[in-house]
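Have a look at the structure below before the remarks.
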Amino acid sequence: MAVVAALAFGASVAVRAADTARPDCARVDATTAASLPAGRAPHIVLLQGSLGIVTMAPFGAFLAGMGYPTSALADPRTGEMTTDSDLDGRTLAGMLAWLYERDGVRPLIVGHSKGGGVVIDALRALAGAYGDDLPVVDPRTLAPEPRTHFRDPDTGEPRRVVELVLPFAAAIATGRLPRILRGQFELARVLRDVPDSTERFTGFAIPYDPIAGTFAGDEDPYRATGRAQVRNVVLPAATGHIDAPRAAHLALDPQLRLWIDRYRPGVDAPLPEGRDTTNLVQAAELWFDIKRAWCGEAQRTRRAAHRVG
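Heads up, the sequence shown is in this note's numbering, so the first residue is 3 and it goes up one at a time.
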């Protein structure tokens with residue numbers, strides 16, 4: 003008994019020591035990001051807009067250039083770092099449950115333009131807006147499976163698709179006007195409502211964006227309907243709606259990489275001079291949120307493994 007007690011005490015000390023050594027996920031610097039386990043990187047669904055030639059691949063290339071595992075950025079069906087937004091929120095919700103069951107870490111979703119509307123629609127689906135019996139969907143085929151439950155990787159217990167809560171979601175330059183023109187009147191009505199199916203959400207608006215239907219001083223902010231932590235970011239007026247995903251060049255410039263890695267939301271920092279800073283603020287904001295989610299999922303799965311062990 004003494005030996006068992008000693009072993010238990012030693013294990014508890016080890017767990018407390020590991021917890022003490024945990025990085026602050028709200029302050030993940032370049033060194034800490036490089037140490038995060040690739041196997042615990044959340045899969046990121048990068049939803050492009052309606053214009054087929056404008057994809058999220060350049061933003062995926064930026065994330066890969068910053069050190070994010072490319073395997074966690076590739077669409078399971080196409081292998082590309084972008085996902086077509088011609089799917090509804092229920093389908094995406096089922097895909098997210100499938101990815102969580104496979105990977106053991108909760109996925110993230112980032113959508114541009116029309117893709118941002120799909121993000122909101124998926125969050126609503128996960129929150130039960132379309133009922134409690136959503137099917138799990140195989141993202142490799144987009145085919146629904148004959149089940150409405152997935153196996154929780156942490157506990158091994160079955161859970162409904164609508165019980166999944168994401169760590170982070172984001173929408174870029176997504177407006178009500180295009181939803182109305184597409185006849186998506188209900189989605190247009192609730193487009194700025196963020197339910198509890200995500201822990202954090204960041205919405206990006208361009209001050210004068212005729213494509214999204216937003217205007218300077220009336221950026222139509224997102225708001226939480228419950229406990230979700232919601233941030234609204236108004237991008238520089240020079241930001242182009244169609245060019246918003248263009249960020250690959252930022253990871254190739256050491257000075258810009260340093261600026262991005264040091265970036266903290268709400269802290270004013272002068273932009274680097276003599277560099278192409280197109281979409282720099284947006285990329286830095288998203289990299290901050292994605293690093294935090296990556297760090298948080300690594301810590302959450304570690305705690306779950308200790309509980310099971």
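All C-beta atoms, glycine included, are put in the ideal place defined by N, C-alpha and C.
- DSSP lists Arg162 as the bridge partner or partners of His151.
- The alpha-carbon of Asp270 is positioned some 38 angstroms away from that of Ala99.
- Here Asp222 carries a coil assignment [DSSP, helix/strand/coil].
- Taking 9 angstroms as the cut-off, the beta carbon of Ala226 is found no closer than this to the beta carbon of Thr216.
- Arg202 is bridged by DSSP to Phe170, Gln231.
- The residues Pro274, in chain order, have a CB closer than 6 angstroms to that of Trp261 in the same chain once the five nearest residues on each side in sequence are set aside.
- In this structure, the beta-carbon distance from Gln186 to Ser115 does not fall below 9 angstroms.
- When the Cα atoms are used, Ala295 and Val107 turn out to be separated by approximately 10 angstroms.
- The beta carbon of Asp105 sits closer than 7 angstroms to the beta carbons of His45 from its chain, once the five residues preceding and following it are set aside; these are given in chain order.
- For the pair Ala250 and Thr279, the Cα-to-Cα distance works out to about 11 angstroms.
- Assignment of Ala271 by DSSP, reduced to helix, strand and coil, places it in the coil class.
- The Cβ neighbour count for Ser73, taken over all protein chains shown within 10 Å, is under 16; the residue is labelled exposed.
- By DSSP's assignment, Gly242 forms no beta bridge with any residue.
- Within the region 12-74, the alpha helix (DSSP H) runs of at least 4 residues that lie entirely inside it are, in chain order, 32-37, 59-67.
- Contact check for Leu144 against Met83 fails: the beta carbons are separated by 9 angstroms or more.
- Each residue's CA atom was taken as its position, placing Ile292 and Leu237 some 18 angstroms apart.
- The beta carbon of Gly117 is closer than 6 angstroms to those of Leu49, Gln50, Gly51, Ser87 in its chain, skipping five residues each way along the sequence.
- Counting other Cβ atoms within 10 Å of its Cβ, Gly91 reaches 16 or more and is therefore classed as buried.
- DSSP, read as helix, strand or coil, puts Ile111 in strand.
- Cβ contact annotation for Arg142 (same chain, cutoff 6 angstroms, sequence separation greater than five): Pro78, Arg79, in chain order.
- In the three-state reduction of the DSSP assignment, Ala175 falls in the coil class.
- Using a 10 angstroms sphere on the CB of Arg248, the tally of other CB atoms reaches 16 or more, which defines it as buried.
- Between the alpha carbons of Tyr70 and Ala40 lies a gap of roughly 8 angstroms.
- The C-beta of Gln257 has fewer than 16 other C-beta atoms within 10 Å across all chains shown, which makes the residue exposed.
- DSSP places Val138 in the coil class of the three-state scheme, outside both helix and strand.
- With respect to Cys297, Thr34 sits close: the two C-beta atoms are nearer than 9 angstroms.
- Rounded to the nearest angstrom, the Cβ distance from Asp135 to Thr150 is 5 angstroms, consistent with a contact under 8 angstroms.
- The beta-carbon separation of Arg42 and Ala286, rounded to 23 angstroms, does not stay under the 8 angstroms limit for a contact.
- Rounded to whole angstroms, Val164 and Leu94 show a C-alpha spacing of 12 angstroms.
- Scanning Val196, His243, Leu254, Val30 for the CA closest to the CA of Pro223 turns up Val196.
- If you draw a straight line from the Cα of Ile55 to the Cα of Gly130, it is about 33 angstroms long.
- At the C-beta level, Ala246 and Gly205 stay beyond 9 angstroms of one another.
- Ranked by Cα distance from Trp289, the options Pro267, Asp211, Thr85, Asn234 are led by Pro267.
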